[in-house]
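Here is the structure we will look at.
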Amino acid sequence: MLELHNAALRLGDAPLFSDLSFAVAAGEVLTLMGPSGCGKSSLLAWLLGALPPAFSATGELWLGGQRVDGLPIEARQIGILFQDDLLFPHLSVLQNLLLAMPPGPAAQRRERAGQLLAEVGLAGLAERDPATLSGGQRARAGLLRALLAEPRALLLDEPFSKLDMALRGPYRQFVFAQLAARGIPAVLVTHDPGDVPPGGRVLQLADYQESAHV
Amino acid sequence: MKKRIASCLLAALGLVLPGMLAAKPAATADWAAVSREARGQTVYFNAWGGSEAINAYIAWAAAEARKRYGLRVEHVKTGDTADVVRRIQLEMSRKHDGSVDLLWVNGENFKTLKDGGLLFGPWAEQLPSWRHVDLQKPVRVDFSEPTAGLEAPWGTAQLTFIADRQRVSAPPRSAAEWLAFARANPGRLSYPRPPDFHGTTFLKQLLLELTPDAAILARPVNEAAFARATAPLWAYLDQLHPLQWQQGRAFPPSAAEMHRMLADGELRLSLTFNPNEAANLIAAGQLPASSYSFGFRKGTIGNVHFLAIPGNARASAGARVFANFLLSPEAQARKADIAVWGDPSVLTAAALAGHAKAATAAPGALREAVPTLPEPHASWVGALEREWLKRYGTR
Amino acid sequence: MGQCRQCLPGALAIAGMAVVFLPVLPGLLPLAQGLELAVWRGLLADAQTLVALRVTVISSVVSTLLALLLALLLTMALYPGPRWPALQRRLPALLAMPHAAFAIGAFFLLAPSGWLARWLAPLAGWDVPPDWQTVRDPYGLSLGLLLAVKEAIFLLWMLAAVLQEGALQRQMTLARSLGYGRWQVWWLCLLPQVLPRLGWPLLAVLAYGVSVVDVALILGPGSPPSLAVLAWRWLADPELALQARGAAASWLLLLVFLLLCGCGLLLWRLLRAAWRQPHGRRWAGASWQPRWLAWPLLGFCYLLALALLLWSLAGPWFFPAALPQSWTLAGWQQLDTAPLFTSLGLGLASAGIGLALVLLWLECGPPALSRWLYLPLILPALPLAAGQYHALLMAGLAGSGFGVVWSHLLWVVPYMLLTLYKPYLEFDTRMITLARSLGLSHWQRCWRIKWPLLLRPILAALAIGFAVSIAQYLPTLFAGGGRFATVTTEAVALSSGGNRRVLAVQAMLQLVLPMLMFALATLLGQWAGRHRQGWR
């Protein structure tokens, strides 16, 4: 469960929004939409703990009953998927996954990583250079990496926008299925209404801003 | 192939050089013709440029030469005269016109140039100013090597030590006292690292005092004589070095650096080839006013420094005219002035009478009469430096 | 790059570079005498050689590794963060400080009678300087340490270029979201990507450390000096046998350099193997970020410049006084301005010619050959300068202004190319396509579109070319036949003398000239872009 209480975001002196609150249940995907510059990506950055210094934010972020907004990124256990897969180019696909996994006996970790790769249809690609993978394969490996770190919540920053139309639909379903299976709450930022999961809640940030002004 | 290139170079040197001397007729033309030829020439005067006082003096002389003789003199400030010698060698081996017209030189470098037949002349004794030169001074030998008119004397020098009265009231006045002083002041004595000119001179000074028979130093060196003559020197240095600054593992790079270290109290004694150096430095604010000069009881090494013209000089007439001016009583008196440079003159006292100022009265200058000891033969320099480097160069 | 299909400009570009680079090769022939066995025996029998070699190895290895460590530590501490751009803005001024001026300032600061010791003197009760070897120690450690500080600035500058890529910053965020602290992210994810990009700059640092003469004369030991200084002295000796020994020592320098490169490569291989096995352990407390880490480095450089300024204005100032007994402008008033103007002329000429050559090359030269043009940066300078000198002698141009400018170009051109290469490569080709569709010819496109848009990198390249020319010591000395007194040759010549005031004045000039040029480049760039916000 991810909860946001009374969040407000300012760029310098200009308020972007204020008094924003929401809660995302385990396995649920909340979609944030709104025009460019409304602060949705900045909100995501703040949730992650990587708000650029030009912005300032107030509010409380709770994760599974623990307040985390004061913690550095690495202590929050919040994962993120960007537009680019950002697989580390100096590591193989497998090494990218091993990097994300919690420590443990080496053989066991490799086995589990291989198993998961097979589950998502990437069997046999473990030792490949990420640069030689197709866009869809890279996207799946990227999600797998994020999930292997066992996050308590996942942020999705327009993760589908760079994929071909043909790949987009299946990958979307794949992501939502994985999140639901693991019971991970997620916040999705997108411009494309087609990205919203079936029956998912949508928060229009611009509306919210307007309503807040009323 | 590589061998061929090297031997070609050598052969070229051998072929070209003797011809050079013959090709240039000795300076017999009368002075008026030389002066006419010199007008409008540019003289590249290669001289050590490490002292602002000397540089300023040369700049003055260059300005005067321009005014009086329509001569342009460019002071090429050199670090090590050996570089210039090498350049002359290379240029002449390739039959190039010279980049050097006049050069400040003495000792080993002169001997190299003379032996290689790389010099213009003889010309020195045909200069009008020659008649003022004090022939009592060793102006016709350069480190026991006859000058043969291939270089004109410019100034005299005598090894002189400097101390600060605030720290040293009774300075050492012999090699033995120097060692005793080092024992009393461990870590506070040193000398410039040979082959620095001053460092090598200090070695020669010690050698003159320590060697059993100083007479053999006046003759060209040979292995047996060297071993016999220098054995006491190495024994002495073996004792001295551990008592020196940095336990003798490091040496200051130059006498000028030693003056600075003396001023800061890092060293107790410094040395110079100019009896007026301390006075100069006090005037320039680089030594405390309580500094003074002194010599060894039995005397210190003295020599003359010279001006020479390479065989391939482009402006040999201009070089002679400028050298003649540098030898004039007016220029020599100015050079001896503490406020200017303070380099003692090579001219007779009579010639200077009209121009001389009260040079030796300046505070800090050498006020005691120190006997002048002759330089060993120039061939000893290289031998001493090599042996020193072998023994102490890698500590 | 290389859209030009005309043969003539391409040939011109190649010819221009050939004139700068190729004559060095026949000039190297006389160094072949240093390949004879007998000469090598003489070299190895000389007691100084091996000790000098030790100095060279220690100082160059220390300078390279420590510079890398310093630069990386600073980067890790500050990037990403608000202090990183602030540091980046200060780099060009520090980079413009010539090595010799830096060395002289460091000497003023750190010598046993230096400024720091004077501050300590009342506390330690010193009335004379301690008999220490804070500089010029026989192992060359102080030489290596101070070179490291100077080279760290260069490496930081190169790192700044690499880190401008947004992907690295997002990778950092992503890796942290996986639970790794910033130091561990640096170690696991960024270093393996950044280090290979630092390969060439590191080689340049190593080559500089191996063959540096001016800094070694100022800060290095004397008995014996480093191998480069020894080789340089031998090459300049009137005795032919010693000249041959100098040639052999030059080859030895090259050999040492190659061996050290090999060691570096080995080290890199080992490191890379270690990265290949991510174990997944997260280090606790690894988010510590010492943002103050830049201050010691910057403070040292500023203090050093302040020491130079103070000494250039000082009257008598003896140990242990912390400040001069009196002040004087004599050093500046009695300044011989000839070297200043010589430097200025040489710098402007070589930067101007260098820019023309580099632009021509980037437009029309074969890109495949570009890497060869960096060779002078990663080869020891001593044999190259000696080769240039021989070439000039053969052409009868030694000691001419043309010869000196030409000799500087061998280092000016690669540095300018290095500065311009990336902006040129990243230039938006759509602009050119657009210009073609408007019917502009190739040179019109360059002149009206490309070069104006690249004005800032071009100005920066000019300033860097100028600074590189100002700092040249060996080529000026060799090619100029000693006739060209520049602020650098003056400063190094005076550094063996005792007059700190005159020395400080020359070092200040050496420092101020390139800085003025950098300031000018920045101002011009800002002025040109004053009405165009999108023009960067």
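Chains A, B and C supply the protein sequences, listed in that same order.
For the first sequence, this note's numbering begins at 237 and goes up steadily by one.
For the second sequence, this note's numbering begins at 24 and goes up steadily by one.
For the third sequence, this note's numbering begins at 3 and goes up steadily by one.
Cβ coordinates follow ideal geometry from the N, Cα and C atoms, glycine included.
Because the structure is a prediction, the values reported are computed rather than measured.
ask   = Cβ of arginine 216/B less than 7 Å from any chain C Cβ?
value = yes
message = Quick check for students: name the residue ranges of the alpha helix (DSSP H) that lie wholly in the region 249–320 of chain B, counting only runs of 4 or more.
response = 278–287 and 300–306
request  = Pick helix, strand or coil for glutamate 174/B, following the three-state DSSP scheme.
outcome  = strand
ask   = Per DSSP, proline 169/B is paired with what?
value = Val164/B
request  = Note down, in chain order, every chain C residue with its Cβ under 8 Å from the Cβ of isoleucine 316/A.
outcome  = Thr175, Leu176 and Ser179
query = Taking just the CA atoms, how far does glutamate 148/B sit from isoleucine 106/C?
reply = 45 Å
message = If you measure between the beta carbons of proline 203/C and leucine 157/C, is that distance less than 7 Å?
response = yes
task = Give a yes or no on whether the C-beta atoms belonging to phenylalanine 319/B and serine 197/B are separated by under 7 Å.
result = yes
key: Cβ-based neighbour list, proline 425/C, same chain, cut-off 7 Å, excluding 5 preceding and 5 following   = Leu456 and Pro459
Exposure label - leucine 525/C; buried when at least 16 CB within 10 Å = exposed
inquiry  = With a threshold of 8 Å, are at least 3 pairs of Cβ atoms found where one atom belongs to the region 396–409 of chain A and the other to the region 356–367 of chain A?
reply    = no
request  = Select from the region 50–66 of chain C all residues with a C-beta closer than 7 Å to any C-beta belonging to chain B, and list them in chain order.
outcome  = Gln50 and Val53
task = Using 10 angstroms around the beta-carbon of proline 292/C, count the other beta-carbons present and answer buried if the total reaches 16, otherwise exposed.
result = exposed
Within-7 Å CB hit, alanine 186/B to chain C = no
ask   = According to the Cβ coordinates, are isoleucine 472/C and proline 100/C closer than 7 Å?
value = yes
query = Is there contact between the region 424–437 of chain A and the region 391–402 of chain A, where contact requires at least three CB pairs shorter than 8 Å?
reply = yes
ask   = Can you tell me the Cα-Cα spacing of alanine 126/C and glycine 116/C, whole angstroms?
value = 14 Å
ask   = Per DSSP, what kind of secondary structure is threonine 491/C in: helix, strand or coil?
value = helix
key: Test: lysine 413/B CB closer than 7 Å to a CB of chain C   = yes
key: Residue nearest to proline 82/C in terms of C-alpha spacing, selected from Pro271/A, Ser397/A and Ala286/A   = Ala286/A
Partner residues on chain A for proline 84/C, Cβ-Cβ distance less than 9 Å = Pro289
ask   = Since valine 581/C is in the alpha helix (DSSP H), which residue starts that stretch and which ends it?
value = Since the displayed chain C opens at 3 and closes at 538, residue 581/C lies outside it and no answer follows.
query = With a Cβ-Cβ cutoff of 7 Å, do leucine 330/A and alanine 349/A count as a contact?
reply = yes
query = Mapping DSSP to helix, strand and coil, what is isoleucine 466/C?
reply = helix
ask   = Curious, which full-length beta strand (DSSP E) runs of at least 3 residues does the region 79–157 of chain B contain?
value = 95–101 and 125–128
task = In the DSSP assignment, find the beta strand (DSSP E) that holds tyrosine 304/C and state where it starts and stops.
result = Note, tyrosine 304/C: premise wrong, no beta strand (DSSP E); alpha helix (DSSP H) at 296–314.
task = Using the Cα positions of arginine 502/C and leucine 310/C, report the straight-line distance between them to the nearest angstrom.
result = 9 Å
request  = Determine, using beta carbons only, whether proline 87/C comes closer than 7 Å to chain A.
outcome  = no
ask   = Would glycine 130/B pass as a contact of lysine 100/B if the rule is Cβ separation under 7 Å?
value = no
inquiry  = For leucine 350/B, report the span of its alpha helix (DSSP H) as first-last.
reply    = Unbroken run through leucine 350/B: none, as it is neither H nor E.
message = What would DSSP say about asparagine 242/A, mapped onto helix, strand or coil?
response = strand
key: The beta strand (DSSP E) enclosing proline 251/A, as first and last residue numbers   = 250–260
query = Within this structure, are the beta carbons of alanine 469/C and alanine 233/C separated by less than 7 Å?
reply = no
request  = Kindly list, in the order they appear in chain A, the residues whose Cβ is closer than 7 Å to that of arginine 278/C.
outcome  = Gln331
request  = Could you give the DSSP three-state label for proline 333/B: helix, strand or coil?
outcome  = strand
query = Count the other CB atoms within 10 Å of the CB of lysine 90/B; is the residue buried (16 or more) or exposed (fewer)?
reply = exposed
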